[in-house]
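Numbering (UniProt numbering), first residue to last: 1 to 193.
Beta carbons are placed, not taken as given, at the ideal position from N, Cα and C, and that holds for glycine.
Just so it is clear, the structure is predicted and the values come from calculations on it, not from any experiment.
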């Protein structure tokens, strides 16, 4: 679950998944006497696994371009692309927790969600758009922190991750969904700025 417990009993780390986890702690003292205790940790959705609150730029780790609502429009169905970071509100996003660790990625300029068009489960099709807030599984993302502090977003409907199509570094490249790489520094990882 991304958590650990030290010999002094301190629980630390950042939860990477919600759920119920069985834990056994065994301790040995200086006389070699030992004892064990088992218990259960329940990790709930909370704030999206530690994702920072408020609006932020989401910078693609492998090319330093920003997640962007194409054309700075408020129109439903507008493409979500990557573009040179410019600080405009169409490049500011917030993660709004819903349930089970999932949440909605909302654009500041429109208040709409980053979503997979037509609830598609296909991989490798540039079909990431903004849609009005609806609670649809196609608009629900699990924010998963990588070892370098970047984030990947796994779609609830498809189980695929938000991805820059074709690993491209072109400005204006629309995003797609692709099997999760679970590795920092890729076209699926976003640094919060």
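Residue 194: first and last residue of the uninterrupted beta strand (DSSP E) it sits in: Given a span of 1 to 193 for the chain in the structure shown, any question on residue 194 remains unanswerable.
Local Cβ density within 10 Å of residue 84, reported as buried at 16 or more and exposed below that: Residue 84 counts as exposed, since fewer than 16 other C-beta atoms from the protein chains shown sit within 10 angstroms of its C-beta.
Strand pairing of residue 58, partner residues [DSSP]: 192
Per-residue burial, residue 101 [other beta carbons within 10 Å of its own, 16 or more giving buried]: buried
Cα-Cα separation between residue 57 and residue 36, rounded to whole angstroms: 46 Å
Top-ranked residue by Cα proximity to residue 23, from 125, 5, 73, 169: Check the Cα spacing between residue 23 and each of 125, 5, 73, 169: the tightest is with 5.
Straight-line Cα distance separating residue 67 from residue 185: 15 Å
Residue interval of the beta strand (DSSP E) (run including residue 107): 102 to 107
Alpha carbon of residue 61 to alpha carbon of residue 112, nearest angstrom: 24 Å
Euclidean distance between Cα positions of residue 193 and residue 21: 32 Å
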